[in-house]
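**Student:** Residue numbers (mature numbering (1 follows the signal peptide of the UniProt record, and there is no 0)): -17 to -1, 1 to 307.
C-beta atoms are modelled at their ideal positions from N, C-alpha and C, and glycine is treated no differently.
This structure is a prediction, so every number in the text was calculated from the model and none was measured.
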Amino acid sequence: VATFLNLFVCCFNKCFLLFQSAKIVIHLHPTPPNKEPGPYQQSKYSYIKLSFKEHGQIEFYRRLTEEMTKKRWENMPVSQPIPTGTGLQAGRTRAVGIVGIERKIEEKRKETDKNISEAFEDLSKLMVKAKEMVELSKSIANKIKDKQGDITEDETIRFKSYLLSMGIADPVTRETHGSGTHYHMQLAKQLGDMLQAPLEERGGMMALTEVYCLVNRARGMELLSPEDLVNACKMFESLKLPLRLRVFDSGVMVVQLQSHSEEEMIASALDNVSDKGSLTAEEFAKLLGLSVLLSKERLLLAEKMGHLCRDDSVEGLRFYPNLF
């Protein structure tokens, strides 16, 4: 800045004209031969033109002429000379312009590649461990088959449920069972074995979305598509499995046990509402330990059968015993 100010000769304020912005022209002395390098090595112009689109040129011109008169930069203390060297040159080299932007992008890309490589290394280690666990589970399952007489059926079912909960059971895939109807049939049979215990723990009914999460968590890397899950669940009844797919009037799809009694479900809803006087779906869900979605469907079903009535207000949907 001081070098620029020392080259100052004079400046002129060009007045604002119609369709033209106000301008200030600053004339400079010729560049001395010992000048430090700048953005441009040389220029054919000996002046600088400043343009002001939205006023401010008068105040700028006043301040500039005031500073040029006082020359306060000449009274500033001279800084200590900085020794030159390779370290200094490296420190003074700054990334500017397009080159600097490209350098930052390249550094960020290298860092991203490094993070991805580390993540894949961790994933590879995890896959090796998972493969070992799958082999172990198959080995134990084969031993159970060989010693079927020494191990009770309850212990066998319990062990298989442990394997499924750990997510290391041998999943049915298109690679092993083809595609189409055969694949969905085999998948339905596996789902029938897997979902029996979770359904009993949850009162005999689970939302299809909850089933989807549970199944994919157990399958590990062999994820199941929503379409394949629905097609497999539709085959429960035709294969005479202890499960069935049910669609409520609201469109909510659930998987429930064949032994699940609709009358018992309605009676349970009526008993709980009668005991509490009134219940919302959230309150009913806390009492039964179910999801709010399934709790609401049970209350709506009891209402449809004429056992409950509703009060739909700004406070929410609340169900009462139907006394009429």
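How about LEU283 and PRO304: are their beta carbons less than 8 Å apart?
**Tutor:** no
**Student:** Does chain C have any CB closer than 8 Å to the CB of LYS97?
**Tutor:** Annotation note: the requested chain C is absent from the structure, which comprises a single protein chain.
**Student:** Do you know offhand how far PHE302's Cα is from VAL237's?
**Tutor:** 22 Å
**Student:** Locate the alpha helix (DSSP H) running through SER278, then write down its first and last residues.
**Tutor:** Start and end: 275 to 287.
**Student:** Would you identify the three-state DSSP class for TYR303, choosing helix, strand or coil?
**Tutor:** Of the three classes helix, strand and coil, the one that applies to TYR303 here is strand, per DSSP.
**Student:** Indicate whether the contact test is met: 3 or more Cβ pairs, each with one atom in the region 186 to 205 and one in the region 237 to 251, closer than 8 Å.
**Tutor:** yes
**Student:** Let me make sure I understand the geometry here. Which of TYR166, GLU50, LEU170, VAL198 has the alpha-carbon closest to that of PRO181?
**Tutor:** VAL198
**Student:** Under a three-way DSSP split, which group does LEU11 fall into?
**Tutor:** strand
**Student:** Could you tell me which of GLU265, PHE43, GLU286 sits nearest to GLU298, measuring between CA atoms?
**Tutor:** GLU265
**Student:** Which residue from GLY272, VAL275, GLY260, GLN169 puts its Cα closest to that of ASP294?
**Tutor:** GLY260 is the residue among GLY272, VAL275, GLY260, GLN169 whose C-alpha sits nearest the C-alpha of ASP294.
**Student:** Given GLU280, which residues of its chain have a CB within under 8 Å of its CB, disregarding the five upstream and five downstream residues?
**Tutor:** PHE231, SER233, VAL235, VAL237
**Student:** Within 10 Å of its beta-carbon, does TYR195 have 16 or more other beta-carbons around it, so buried, or fewer, so exposed?
**Tutor:** buried
**Student:** My understanding is that ILE9 touches ILE41, with C-beta atoms under 8 Å, so please give their C-beta distance in whole angstroms.
**Tutor:** At roughly 16 Å, the Cβ-Cβ gap does not stay under 8 Å, so ILE9 and ILE41 are not in contact.
**Student:** Judging by CA-CA distance, which residue of MET204, MET218, ARG202 is the nearest neighbour of GLY163?
**Tutor:** MET218
**Student:** Quick check on LYS36: does DSSP put it in helix, strand or coil?
**Tutor:** coil
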